[in-house]
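Everything on this sheet refers to the single structure shown next.
Protein chains: 2
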Amino acid sequence: MEPLYSITDLAREFKVTTRTIRYYEDKNLLSPKREGQRRIYGSRDHVRLRLIMRGKRLGFSIEEIQGLINLYDVDATESSQLYKFLEMIRQRQQALRQQQIDISETLSELDKREGECVALLGNTIDTGRRK
Amino acid sequence: MEPLYSITDLAREFKVTTRTIRYYEDKNLLSPKREGQRRIYGSRDHVRLRLIMRGKRLGFSIEEIQGLINLYDVDATESSQLYKFLEMIRQRQQALRQQQIDISETLSELDKREGECVALLGNTIDTGRRK
DNA sequence: CAAAAAGCTAACGTTCACGTAAAGTAAAGG
DNA sequence: CCTTTACTTTACGTGAACGTTAGCTTTTTG
Numbered sequence: 153m154e155p156l157y158s159i160t161d162l163a164r165e166f167k168v169t170t171r172t173i174r175y176y177e178d179k180n181l182l183s184p185k186r187e188g189q190r191r192i193y194g195s196r197d198h199v200r201l202r203l204i205m206r207g208k209r210l211g212f213s214i215e216e217i218q219g220l221i222n223l224y225d226v227d228a229t230e231s232s233q234l235y236k237f238l239e240m241i242r243q244r245q246q247a248l249r250q251q252q253i254d255i256s257e258t259l260s261e262l263d264k265r266e267g268e269c270v271a272l273l274g275n276t277i278d279t280g281r282r283k
Numbered sequence: 153m154e155p156l157y158s159i160t161d162l163a164r165e166f167k168v169t170t171r172t173i174r175y176y177e178d179k180n181l182l183s184p185k186r187e188g189q190r191r192i193y194g195s196r197d198h199v200r201l202r203l204i205m206r207g208k209r210l211g212f213s214i215e216e217i218q219g220l221i222n223l224y225d226v227d228a229t230e231s232s233q234l235y236k237f238l239e240m241i242r243q244r245q246q247a248l249r250q251q252q253i254d255i256s257e258t259l260s261e262l263d264k265r266e267g268e269c270v271a272l273l274g275n276t277i278d279t280g281r282r283k
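Those sequence lines, one after another, are chains A and B.
The opening residue of the first sequence carries number 153 in this note's numbering; numbering runs sequentially from there.
The opening residue of the second sequence carries number 153 in this note's numbering; numbering runs sequentially from there.
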C-alpha cells in the first residue's frame, strides 16, 4: 500500500515551505489527490519532489526541471516525437557534461587554495576528509 | 603586452549583452579601466568574466560567484580570517561534490532513457558520441 | 561632412521563484 | 465547547538578474 503524505510532511522532509510545494503544483510539477479540500500526496509526488530538489541543486529553472521530469515520464510510443525526445535527452546530457567539467575545474582550483590555507595554518586542523 | 577589449568585444566572445557586462561591474565583479568615458577591459577582467560564466553554468548566484572569485583573489595574510576563509572553501567543495553526485545520477538516468529511445528507433541513428 | 555605429548614464520594466499577509474552513486536543 | 493547529484560496510584495527605452556624446565610415 502506498505511503501518503500531507503537505507539511513533505515540507518537513524536503526542508521547503508549504507555499513552495503549492507553487510547484501550480506549475504542474505535482498533482496530489484531494480529500475534501486537503492535498494528499502519494509516492509519485514524493519521487517528483526529489527530482525537483535535485534539479534545483543543479541550478535548473522550474521549466527545465519540468522538461527533465517529462523525460522520465513520457511513454514514448509515437515515433515521430521520439526523435525530438532523443534530441532533448542529448541536449540535457551535453549541458550536464559541461557542468561536470566546470565542477572538476572549480574543485581542483579550490583544492589548490585549500592546500595553501592548510599550509599557512599548520597541520593542526583536521581536514574533515576521509582518506 | 596585455590584450585589451572593448565592451562589445567581451559581449561577443561570451555571448552576453553589454548591459549584462555593465551589470557585473555594478556588482563589483569587473573593474575596467577608463579611456575618457569608455570602458577598457584587460586580461584580468577577461579571466573574471570566464569565471562568472562558469559560475552561472553551475547555477550560482552573482553573490556566490562573487564569493568564489574572492576565494581566488584574497591574498590571505591575516591568519584570523584564514580560518573562515578555509571554512568557505570547504563549504563550496561540499556543495560541488553534491552537484557531482546529482549530475552522475541524472546522467545515468538519461543514459537509460537514451538507450530505450535508440532501441525503439533502430540503430540507424548516430549517437554523436566518440567512443 | 553627414550619418550611422558604438558607447555612456539614468531609470523604469519584466520574469522567476517564491514570501507574506488576510480571511476563511476543518479537525483535534484540553 | 472553545481554541489551537493544520490547511485552504486569493492576492499583493520582493530580490535577483537582467531587458528596454530615452537622451546624450563620441567615433568611425561611406
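For each residue, glycine too, the CB sits at the ideal point set by N, CA and C.
Bear in mind that the values here come from a model prediction, so they are computed numbers and not experimental data.
Alpha carbon of residue i to alpha carbon of residue j, nearest angstrom
i: Leu162 (chain A); j: Asp197 (chain B); result: 44 angstroms
i: Gln250 (chain B); j: Glu261 (chain A); result: 17 angstroms
i: Arg265 (chain B); j: Lys208 (chain A); result: 21 angstroms
i: Ala235 (chain A); j: Asp225 (chain A); result: Contrary to the premise, residue 235 (chain A) reads as Tyr rather than Ala in this sequence. If you take the alpha carbons of Tyr235 (chain A) and Asp225 (chain A), they lie about 16 angstroms apart.
i: Lys283 (chain B); j: Gln246 (chain A); result: The predicted position of Lys283 (chain B) is uncertain, since its pLDDT is 49 and thus under 50; a value taken from the coordinates is nonetheless stated next. Cα to Cα, the separation comes out at about 15 angstroms.
i: Ile192 (chain B); j: Gly211 (chain B); result: 28 angstroms
i: Met240 (chain A); j: Thr169 (chain A); result: 31 angstroms
i: Arg202 (chain A); j: Tyr175 (chain A); result: 15 angstroms
i: Ser158 (chain B); j: Arg206 (chain B); result: 21 angstroms
i: Leu223 (chain A); j: Cys269 (chain B); result: 11 angstroms
i: Ser195 (chain B); j: Ser256 (chain B); result: 34 angstroms
i: Ile253 (chain B); j: Leu238 (chain A); result: 23 angstroms
i: Lys185 (chain A); j: Glu154 (chain A); result: 13 angstroms
i: Glu165 (chain A); j: Ile217 (chain A); result: 20 angstroms
i: Ile173 (chain A); j: Arg190 (chain A); result: 13 angstroms
i: Gly267 (chain B); j: Ser232 (chain A); result: 17 angstroms
i: Leu156 (chain B); j: Asp263 (chain A); result: 31 angstroms
i: Ala271 (chain A); j: Glu177 (chain B); result: 34 angstroms
i: Arg200 (chain B); j: Ile204 (chain A); result: 31 angstroms
Cβ pair residue i, residue j closer than 8 angstroms
i: Lys167 (chain B); j: Ile214 (chain B); result: no
i: Arg244 (chain B); j: Leu220 (chain B); result: yes
i: Thr258 (chain B); j: Leu248 (chain A); result: yes
Beta-carbon neighbours of residue i, restricted to chain A and to distances below 7 angstroms
i: Phe237 (chain B); result: Cys269
i: Ile255 (chain B); result: Leu210, Leu248, Gln251 and Gln252
i: Thr172 (chain B); result: Per Cβ cutoff of 7 angstroms: no residues; Thr172 (chain B) is ~17 angstroms from chain A at best.
i: Arg186 (chain B); result: The premise fails here: Arg186 (chain B) is roughly 30 angstroms from chain A at the closest Cβ pair, so nothing lies under 7 angstroms.
Cross-chain neighbours of residue i in chain B, by beta carbon under 8 angstroms
i: Ile241 (chain A); result: Leu262, Arg265, Glu266 and Cys269
i: Gln245 (chain A); result: Leu259, Leu262, Asp263 and Glu266
Partner residues on chain B for residue i, Cβ-Cβ distance less than 7 angstroms
i: Gly219 (chain A); result: Within 7 angstroms Cβ-Cβ: nothing; Gly219 (chain A) doesn't reach chain B, min ~12 angstroms.
i: Leu181 (chain A); result: Under the 7 angstroms cutoff, chain B gives no residues; its nearest Cβ is about 16 angstroms from Leu181 (chain A).
Per-residue contacts from residue i into chain A (C-beta, under 9 angstroms)
i: Leu201 (chain B); result: Residues of chain A passing the Cβ test: none, with the nearest at roughly 15 angstroms.
i: Leu162 (chain B); result: The contacting residues do not exist; Leu162 (chain B) stays about 19 angstroms from chain A at best.
Beta-carbon neighbours of residue i, restricted to chain A and to distances below 8 angstroms
i: Val224 (chain B); result: Residue 224 (chain B) is actually Tyr in this sequence, not Val. Result: Glu261 and Arg265.
Chain B contact residues for residue i, given Cβ-Cβ distances below 9 angstroms
i: Arg196 (chain A); result: Result: empty, since nearest Cβ-Cβ is about 16 angstroms, beyond 9 angstroms.
Jot down the residue ranges of each uninterrupted beta strand (DSSP E) in the stretch 189 to 236 of chain B, minimum 3 residues, whole runs only, in chain order. Counting whole runs of 3 or more residues, the stretch 189 to 236 of chain B contains the beta strand (DSSP E) stretches 190 to 192.
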